[in-house]
Amino acid sequence: MLMYKINFIKTFAMVAALTVCSFSQGFAQKKLDTTFLNQQLKDAILQIKVLAKNTPEHMLPRSFNVGKSIHSESGWWTSGFYPGTLLYLYEYAKDPELLALAKQKLKLLEKEQFNETTHDLGFMLYCSFGNMMRITGDTATYKPILLTGAKSLATRYSPITKTIRSWDFDNFPVIIDNMMNLEFLTAAARLGGNSQFRDIAVTHANTTMKEHYRKDMSCYHVVDYNPKDGTVIKKKTNQGAFDESAWARGQAWGLYGYAMMYRETGDKKYLKFANQIAKYMLNHVNMPNDLIPYWDFDAPNLPDSNKYAPYRTNRDASTAALMASAFIEMSTQVKGKLAKQYLNVAETILKNLSSIAYKATYGSNGGFLLKHSVGSIPHDSEIDVPLTYADYYYVEALLRYKRLLDGKKVID
529 MLMYKINFIK TFAMVAALTV CSFSQGFAQK KLDTTFLNQQ LKDAILQIKV LAKNTPEHML
589 PRSFNVGKSI HSESGWWTSG FYPGTLLYLY EYAKDPELLA LAKQKLKLLE KEQFNETTHD
649 LGFMLYCSFG NMMRITGDTA TYKPILLTGA KSLATRYSPI TKTIRSWDFD NFPVIIDNMM
709 NLEFLTAAAR LGGNSQFRDI AVTHANTTMK EHYRKDMSCY HVVDYNPKDG TVIKKKTNQG
769 AFDESAWARG QAWGLYGYAM MYRETGDKKY LKFANQIAKY MLNHVNMPND LIPYWDFDAP
829 NLPDSNKYAP YRTNRDASTA ALMASAFIEM STQVKGKLAK QYLNVAETIL KNLSSIAYKA
889 TYGSNGGFLL KHSVGSIPHD SEIDVPLTYA DYYYVEALLR YKRLLDGKKV ID
């Protein structure tokens, strides 16, 4: 109990430091108001229309680097985030242009409902078609697509490993990112799909709790199973600094994923687990004061994280956006000082992401909203660039916070 109090005081002091200090970007503000939220969302609408102009009709935006827009086809794992962001912003502004842009991209994505070669169908279909159905209420059009997609995702589940396979190489690799696709399965079960969809999601989450996490509540990126007997062959990384390191976005995938699993199931063990992940992340010695994490908590040659720095090429805004969205939801799942702490963390992250240090000015950055994300440093891929999923979770977090201000449930 004493250790928890010490850790809480440390984290709260780190957040409070931003309140009492005065930085050039205006990080001193602690509480966010409607004016701030509306400004960020209106800026996002203007900027995403720039992105729309830079995106070929038959492609989906992925990133922007050295003056060049980078796009993907519908089969790439990030394909659902851009239409999802358009739909979030349409939900806010009711701008018909945003809805039309989203519908055009959904036509490209529709065939992915039959894709059994990827575990990322939650990202690809639920962030896009799921939001479309929720916002428009058109179940006749979108429910069949979602149920077919969930069926395709479920084909990757193994009752032997008790997990959903991530990649089609190695033995039976499972990555922590896969936690994010479980919401798709639980939602599909609620929509009247196979009840086994929910069972698969719960079983996968439970196996991941057991095999992916270390005693300190950091997680491995990859666990490779033996498909014949379910034993673990190796625990390793693909995008982190080294096998035993804490790849930052992986920690955020887990945080968000287990908070989501608590919401979806009501099982308090998932909330307890998410709280333990949060404690690890927020109390890490290498968490920067502005709460925008470095790409890996254990990466070598990090700057002095106890001092404020506007940004570095190895910061990851996508991790921060995920954290902000997750902590807003978690602030409604817990009570008292912990709820206040979580909301303070989310407020600090959103304020900093919305500053000139991380938020792109109108017309720049290829039309993407946020700067300074990291895809995979070990693969020399997408380093210090905008990423479509960073924008998605940033807008999601803004909308979740706005719902709090409006006295509504964070999740509709």
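Going letter by letter, the sequence shown gives residues 529 to 940 in the working numbering. Idealized CB from N, CA, C, for every residue including glycine.
* To do: Compare the C-alpha of T664 against each of Q767, E619, R931 and Y784 and name the closest.
  => T664 has its Cα closest to that of E619, out of Q767, E619, R931 and Y784.
* With 16 as the cutoff for other CB atoms within 10 Å, does S552 come out buried or exposed? -> Residue placement at S552 cannot be trusted, given a pLDDT of 31 that sits under 50; what the coordinates show is reported in the next sentence. Only exposed fits S552, as fewer than 16 other CB atoms lie within 10 angstroms of its CB.
* Asked: Counting pairs of Cβ atoms below 8 Å between the region 563-578 and the region 597-607, do you hit three or more?
  -> The region 563-578 vs the region 597-607: no contact.
* Asked: Quick one: what does DSSP say F642 is sitting in, helix, strand or coil?
  -> Of the three classes helix, strand and coil, the one that applies to F642 here is helix, per DSSP.
* Asked: From G935 to G782, what distance separates their C-alpha atoms?
  -> Taking the straight line joining both Cα atoms gives about 27 Å.
* To do: May I ask you to list the residues that DSSP assigns as paired with R843?
  => Paired residues: Y822.
* Where does H900 sit, in a helix, a strand or coil, going by DSSP? -> Reduced to three states, the DSSP call for H900 is coil.
* Asked: Where DSSP assigns a beta bridge to S686, which residues make up the other side?
  -> Answer is T691, bridged to S686.
* Using DSSP with H/G/I as helix, E/B as strand and the rest coil, what is E619? -> DSSP places E619 within a helical segment (H, G or I) once states are collapsed to three.
* Exposed unless 16 or more other CB atoms sit within 10 angstroms - verdict on N706 -> Result: buried.
* Asked: Ordered along the chain, which non-local residues of its own chain (more than five positions away) have a Cβ less than 8 Å from that of R590?
  -> Cβ neighbours of R590 within its own chain (closer than 8 Å, five residues either side excluded): I598, H599, S600, W604, T606, L915 and T916.
* Below 9 Å between beta carbons: does that hold for L681 and L636? -> 9 Å or more divides the Cβ of L681 from the Cβ of L636.
* Residue range of the beta strand (DSSP E) that includes N593 -> That run of the beta strand (DSSP E) goes L588 to N593.
* Asked: Per DSSP, what kind of secondary structure is S597 in: helix, strand or coil?
  -> Looking at S597 - three-state DSSP - the assignment turns out to be strand.
* How long is the line joining the alpha carbons of V730 and M789, rounded to whole angstroms? -> Pairing V730 with M789, the inter-Cα distance amounts to about 8 Å.
* DSSP three-state call for S909: helix, strand or coil? -> Reduced to three states, the DSSP call for S909 is strand.
* Let me know the secondary structure DSSP gives K484 once reduced to three states. => Here the chain comprises residues numbered 529 to 940, so residue 484 is not present and cannot be evaluated.
* Going straight from the alpha carbon of D666 to that of M660, what length do you get? -> Per the coordinates, the alpha-carbon of D666 lies some 8 Å from the alpha-carbon of M660.
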